[in-house]
Amino acid sequence: MKRFKCTVEYDGKRFNGWQSQPHKNTIQQSIEIALKKVTRKTTKIFGSGRTDTGVHAIGQVFHFDYEGLLQPFEILKGTNHFLNKKNISILEVQKVNNNFNSRKNAILRTYHYIIINRKSSLSLMKGRAWHVKKKLNIKKMQMAAECFLGKHDFTTFRSKSCNASSPIRTIEYSKIVKSSKKIIYVVKSRSFLQHQVRSMVGGLKYVGEGKWNIEDLKNSIVKKNRNICPTIAPSCGLYLFKVKY
6 MKRFKCTVEY
16 DGKRFNGWQS
26 QPHKNTIQQS
36 IEIALKKVTR
46 KTTKIFGSGR
56 TDTGVHAIGQ
66 VFHFDYEGLL
76 QPFEILKGTN
86 HFLNKKNISI
96 LEVQKVNNNF
106 NSRKNAILRT
116 YHYIIINRKS
126 SLSLMKGRAW
136 HVKKKLNIKK
146 MQMAAECFLG
156 KHDFTTFRSK
166 SCNASSPIRT
176 IEYSKIVKSS
186 KKIIYVVKSR
196 SFLQHQVRSM
206 VGGLKYVGEG
216 KWNIEDLKNS
226 IVKKNRNICP
236 TIAPSCGLYL
246 FKVKY
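Be aware that the sequence shown starts at 6, since it is given in this note's numbering, and climbs by one per residue.
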């Protein structure tokens, strides 16, 4: 039995998230169906993490086991053939050690969140970014992003349905980058809580539009109260950008 590590990108707006669910159109299920057609065997894949409905990926990683003669380049080419109309693309297939685990071995996950800050409606980025019409104060958002750095209890910024055993996470990198009307929030951590990044973006938007100041954001972390979390950012702007091992 051989183990393969794959990097994949996808447009999440057509899917009900990553994880397979009965009677739902999911990314995991779509890839497994394509792999079965290529390998002629039922294949279970294991992702580095689950992305929610509408969330995209540029560098999602998964692994699977396969016993057969196909080489990595053949698996890549064949799988992409069957995924061609799904807006899913396998970028790389590598043979790895059988101990490799795409979720457990990850040491850093990077997410990007894209906001388009302009009055005009979106065309090319529709469904791929959060359209915010009200002008945002970028400098204040950049200062606010630094508040998330380090080890914190993120109860305020996680879903009430989150089943993680601990709300404590360490943010290694948190920065706002602006390019014309595009605002990109880049955040890195070993792992994130359910809806954490989108909730954090909601907080940054509050600061950017003047509903909160920096102290309000700091206090929201300290209070550890989900009920005071700002409106969560929509899934369309979120991208799993990279997983580091």
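For every residue, glycine included, the Cβ atom is placed at its ideal position computed from N, Cα and C.
Can you tell me which of L198, N122, K216 puts its alpha carbon nearest to the alpha carbon of Y284? Nothing can be reported for residue 284: it is not among the residues displayed for the chain, which extend from 6 to 250.
Rounded C-alpha distance that separates K165 from G207: Numbered from its first residue, the sequence shown carries residue 165 at position 160. Numbered from its first residue, the sequence shown carries residue 207 at position 202. Using only the alpha carbons, I get a separation of about 16 Å.
Just curious, the alpha helix (DSSP H) that V212 is in, first and last residue? Your numbering for residue 212 matches position 207 in the sequence shown. V212 -> alpha helix (DSSP H) spans 201 to 213.
What do you reckon, are the CB atoms on Y116 and L243 nearer than 8 Å? For this step, residue 116 is matched to residue 111 along the sequence shown. For this step, residue 243 is matched to residue 238 along the sequence shown. Yes; because the gap between Cβ atoms is below 8 Å, this pair is in contact.
What three-state label does DSSP hand F87 in the structure shown? Position 82 of the sequence shown, counted from the start, is the residue given in the question as residue 87. Note: F87 maps to helix in three-state DSSP.
Quick one: using the 10 Å Cβ neighbour count with 16 as the cut-off for buried, is T47 buried or exposed? Position 42 of the sequence shown holds residue 47. Exposed, because fewer than 16 other Cβ atoms sit within 10 Å of the Cβ of T47.
Let me confirm a value: Y211 is counted as buried when at least 16 other C-beta atoms fall within 10 Å, else exposed. Which label applies? By one-based count along the sequence shown, residue 211 stands at place 206. Result: buried.
Chain C within 8 Å of I93, Cβ atoms only: No chain C appears in the structure shown, which is made up of a single protein chain.
Residues that H136 bridges to, as DSSP identifies them: The sequence position of residue 136 within the sequence shown is 131, counting from 1. H136 pairs with I121.
Could you check the C-alpha separation between Q33 and K49 for me, to the nearest Å? For the purposes of this step, residue 33 is identified with residue 28 of the sequence shown, where counting begins at 1. For the purposes of this step, residue 49 is identified with residue 44 of the sequence shown, where counting begins at 1. Answer to the nearest angstrom: the Cα atoms are 9 Å apart.
From what residue to what residue does the alpha helix (DSSP H) around A39 run? If you number the sequence shown from 1, residue 39 lands on position 34. From DSSP, the alpha helix (DSSP H) with A39 extends over 32 to 44.
May I ask which residues mark the beginning and end of the beta strand (DSSP E) holding D70? Here the question's residue 70 lines up with position 65 in the sequence shown. Residues 61 to 71.
Which same chain residues end up closer than 7 Å to L127 when comparing Cβ atoms and leaving out the 5 residues on each side of it in sequence? Position 122 of the sequence shown, counted from the first residue, corresponds to residue 127. Once the five neighbours on either side are set aside, the close Cβ partners of L127 are I121, A134, H136.
Identify which residue in L141, P77, P27, E220 has its Cα closest to the Cα of L40. In the sequence shown, counting from the first residue as 1, residue 40 sits at position 35. Residue P77 is the option with its Cα nearest to L40.
Are G17 and T44 touching if we call contact CB-CB under 8 Å? Locating residue 17 in the sequence shown gives position 12, counting from the first residue. Locating residue 44 in the sequence shown gives position 39, counting from the first residue. Contact: no.
Which residues in the same chain have their Cβ closer than 6 Å to the Cβ of I188, if we skip the five residues on either side of it in sequence? Position 183 of the sequence shown, counted from the first residue, corresponds to residue 188. Same-chain partners within the cutoff: I120, N122.
Starting from I95, trace the beta strand (DSSP E) in both directions and tell me its first and last residue. Sequence index remark: in the sequence shown, residue 95 carries index 90 (1-based). Bounds of the beta strand (DSSP E) holding I95 are 93 to 101.
Using the Cα positions of N226 and N102, report the straight-line distance between them to the nearest angstrom. Position 221 of the sequence shown, counted from the start, is the residue given in the question as residue 226. Position 97 of the sequence shown, counted from the start, is the residue given in the question as residue 102. Note that residue 226 is Ile in the sequence shown here, rather than Asn. Per the coordinates, the alpha-carbon of I226 lies some 40 Å from the alpha-carbon of N102.
Measuring CA to CA, which of N110, K156, Y15 is closest to E177? Indexing the sequence shown from 1 puts residue 177 at position 172. It is K156 whose Cα lies nearest to the Cα of E177.
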